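Numbered continuously in my numbering, the sequence shown closes out at residue 773.
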Amino acid sequence: MIRFGCTVFLLCLTAAAAAAPAPDAAQALASISAAELAAPIKVLSADAFGGRAPATPGEVKSIDYLRSQFQAMGLKPGWHDSYLQPVPLTQITAEPADLAVSGGGKTMDLRYLRDQVILTEREQPLVTLKNNPMIFVGYGIDAPGYDWNDFAGVDVRGKTIVVLVNDPGYADPKLFNGKDMTYYGRWTYKYEEAARQGAAAVLIVHQDGPAGYGWGVVQNSWSGVKFTLAEPDGNMHRAAIEGWINHATALALFRQAGLDFAALEQAADKPGFRAVPMNLNLSVTLHSDIVHKLSHNVVAVLPGSSHPGEAVVYSAHWDHLGTHPELPGDHIFNGAVDDGSGDAALLALAKAFALLHPRPRRSVIFLATTSEEQGLLGAAWYVRHPLVPLARTVADINMDIMNVYGRTRDLTVIGYGKSQLEDDLAAAAKAEGMGITPDPHPETGLYYRADHFEFAKRGVPAILSFSGYDYVDRPAGWGQAAWAEYFAHHYHKPADEFDPHWDLSGLAQQVRALFRLGLGLADSDAWPDWYPGVPFKTLRDAGAAQRAQ
Ligand SMILES: [Zn+2]
Numbered sequence: 225m226i227r228f229g230c231t232v233f234l235l236c237l238t239a240a241a242a243a244a245p246a247p248d249a250a251q252a253l254a255s256i257s258a259a260e261l262a263a264p265i266k267v268l269s270a271d272a273f274g275g276r277a278p279a280t281p282g283e284v285k286s287i288d289y290l291r292s293q294f295q296a297m298g299l300k301p302g303w304h305d306s307y308l309q310p311v312p313l314t315q316i317t318a319e320p321a322d323l324a325v326s327g328g329g330k331t332m333d334l335r336y337l338r339d340q341v342i343l344t345e346r347e348q349p350l351v352t353l354k355n356n357p358m359i360f361v362g363y364g365i366d367a368p369g370y371d372w373n374d375f376a377g378v379d380v381r382g383k384t385i386v387v388l389v390n391d392p393g394y395a396d397p398k399l400f401n402g403k404d405m406t407y408y409g410r411w412t413y414k415y416e417e418a419a420r421q422g423a424a425a426v427l428i429v430h431q432d433g434p435a436g437y438g439w440g441v442v443q444n445s446w447s448g449v450k451f452t453l454a455e456p457d458g459n460m461h462r463a464a465i466e467g468w469i470n471h472a473t474a475l476a477l478f479r480q481a482g483l484d485f486a487a488l489e490q491a492a493d494k495p496g497f498r499a500v501p502m503n504l505n506l507s508v509t510l511h512s513d514i515v516h517k518l519s520h521n522v523v524a525v526l527p528g529s530s531h532p533g534e535a536v537v538y539s540a541h542w543d544h545l546g547t548h549p550e551l552p553g554d555h556i557f558n559g560a561v562d563d564g565s566g567d568a569a570l571l572a573l574a575k576a577f578a579l580l581h582p583r584p585r586r587s588v589i590f591l592a593t594t595s596e597e598q599g600l601l602g603a604a605w606y607v608r609h610p611l612v613p614l615a616r617t618v619a620d621i622n623m624d625i626m627n628v629y630g631r632t633r634d635l636t637v638i639g640y641g642k643s644q645l646e647d648d649l650a651a652a653a654k655a656e657g658m659g660i661t662p663d664p665h666p667e668t669g670l671y672y673r674a675d676h677f678e679f680a681k682r683g684v685p686a687i688l689s690f691s692g693y694d695y696v697d698r699p700a701g702w703g704q705a706a707w708a709e710y711f712a713h714h715y716h717k718p719a720d721e722f723d724p725h726w727d728l729s730g731l732a733q734q735v736r737a738l739f740r741l742g743l744g745l746a747d748s749d750a751w752p753d754w755y756p757g758v759p760f761k762t763l764r765d766a767g768a769a770q771r772a773q
């Protein structure tokens, strides 16, 4: 950790009181252009970068490119004297393994990729389960705050649990936060809770609606090489097997058990649901190749002129899903929009901030994370090893999948209703001709699916904006159709490629709004907070107490 502490405290206070808006802000804003934004997307999404998987030659190319860009802008290295923050990873390559489920007088073979995707996050080369009893535990949620416990009265230790994705609010608006998915709905939570309950295996039933994405996304995201942060216990605290089965497979399994999946699903939506033993037994032998690897976050900083020990963070992930040679045809996951567009935004912001004289009062950190696609690992590592302590980190402004389809009249806030950053963003967006709109699909839990969530989890106000849908000079519904097309045919697929027909004026507009947001924060003394009742607020309050000491 590097501290840019004020050496003379009194001087810092005086400088803060005298601070004025940076005179070069207009020039900095003007530097953010569609033409400038295209180049980095093109570079990073080229086939030569191989889909930017961590710890591959594609990583070397990606981080070299980002580092050289930051260096050319005159930004300081963020991690000691380097732009690269090492992130130790465990690489687990599981051999494709089928599951055998016996019971109801027969044995069903669940084929890898077709019916299920499983892996282990344990550093364990051989995992075997033999005739392991299966239990349906509804949503697999233990949430005292919502007076909900799917594990009440059942001991799942050493057993296989089958769980639904999302939370009960998906089906019943009166439960949890209604359609606005809580963290209890995320697969990461399901795995974490399975481990806390001591389950041997956890299988999430995939369904397009409540998952927020199709089976193809599960297949592409969970097959092949998998990374975790290298943990001291080798991840032995986790369930031995983690994975997904698709909806059709769930229907067949429950039929085999003489159970009605649809009826049980409905029962699981009601308070007081009790887990149901399935009278099925699961067997699996999973061989994994385990290797320790080193990946890197790329981090650059513009030290604050008067409060260098306080920082605003901009983040975007440089990694994507790599190359899957087993796929027919194009098998490079170029990740042009996801998240080449965010990286281009990060570089444009860095360049714009570097043009400011004097520099903003607080430091501005530009963080290109690794292994976001592997479960927000680079961001998780960063918040454990921040450049500026989290109590003094003003906000994280994350960029993941940016608008590439032209100018809009609106800007979407993912996870709307959480923090005062939304008010600041509303003002910044207004200056760029956009109004703020809530995420139209909060049930997909996007707020928990990108790097800013690691900051939020630790109390740092964090915001993810997404493209608006109301496109200038386009008919009503055009934006919805454009993004529906992206998510159906490009997102997490080899087809997420640079398209010369994109209109990046909308990206420039979005980035300019985020520049205004970050500059406002970097030049103020404000500590934006979570709204009352948001669970992350408790940690932020602790941070405020720390700052006051
Ligand atoms: Zn992404």
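Glycine included, C-beta positions come from ideal geometry on N, C-alpha and C. None of the values given here were measured: they were computed from a predicted structure.
Which listed residue (the options) has its alpha carbon closest to that of residue i
i: V758; options: K681, D647, I660; result: K681
i: G440; options: Y695, D723, L649, V341; result: V341
i: K494; options: D391, E656, Y710; result: D391
i: G630; options: G566, V696, L688; result: V696
i: V588; options: F294, A277, V267; result: F294
i: A712; options: A615, Y437, H665, A651; result: Y437
i: D379; options: I428, P501, T547; result: P501
i: H716; options: R410, S306, N355, G559; result: G559
i: G409; options: A395, V389, P724, G564; result: V389
i: K654; options: A252, F722, T668, L741; result: L741
i: A218; options: P752, G496, A572; result: Because the chain here runs from 225 to 773, residue 218 falls outside it and cannot be looked at.
i: T636; options: P662, L645, D624, K450; result: P662
i: H714; options: L545, D648, T617, A603; result: L545
Classification of residue i by the beta-carbon crowding that lies within 10 angstroms, buried from 16 upward
i: Q734; result: buried
i: E319; result: exposed
i: N627; result: buried
i: P756; result: exposed
i: L261; result: buried
i: E534; result: buried
i: G659; result: exposed
i: W676; result: It is His, not Trp, that sits at residue 676 in the sequence shown. Under this definition H676 is a buried residue.
i: K330; result: exposed
i: E550; result: exposed
i: Q480; result: buried
i: W754; result: buried
i: Q773; result: exposed
i: R771; result: exposed
i: A568; result: buried
i: G730; result: buried
i: Q704; result: exposed
i: S743; result: The sequence shown places Leu at residue 743, not Ser. Buried, by the Cβ-count rule.
i: T406; result: buried
Per DSSP, cross-strand counterpart(s) of residue i
i: T617; result: A535
i: A324; result: D333, S507
i: P312; result: L518
i: H430; result: N470
i: A524; result: P301, F590
i: W754; result: S643
i: N373; result: D366
i: N622; result: S539, L688
Segment limits, beta strand (DSSP E) that includes residue i
i: E466; result: 465-470
i: I365; result: No beta strand (DSSP E) holds I365; DSSP gives it neither H nor E.
i: K450; result: 449-453
i: K354; result: 350-360
i: A343; result: Just to set this straight, residue 343 is Leu in the shown sequence, not Ala. Start and end: 340-343.
For residue i, the first and last residue of its enclosing alpha helix (DSSP H)
i: I287; result: 281-296
i: I256; result: Careful: I256 lies outside any alpha helix (DSSP H) and carries neither H nor E.
i: L399; result: Unbroken run through L399: none, as it is neither H nor E.
i: K761; result: 761-772
i: V387; result: Careful: V387 lies outside any alpha helix (DSSP H), inside the beta strand (DSSP E) at 384-388.
i: Q704; result: 702-713
i: L745; result: 729-746
i: N444; result: 439-446
i: L601; result: 601-608
i: Y413; result: 411-420
i: A487; result: 485-492
Minimum Cβ-Cβ distance from residue i to chain C less than 8 Å
i: N521; result: Here chain C cannot be found, since the structure has a single protein chain.
- Query: Quick one: complete alpha helix (DSSP H) runs, 4+ long, within the stretch 537-591?
  - Reply: Within the stretch 537-591, the complete alpha helix (DSSP H) runs of at least 4 residues are 566-578.
- Message: For a minimum of 3 consecutive residues, which ranges assigned as the beta strand (DSSP E) are wholly contained in the stretch 635-693?
- Response: Listed in chain order, the complete beta strand (DSSP E) runs (minimum 3 residues) inside the stretch 635-693 are 659-662, 686-691.
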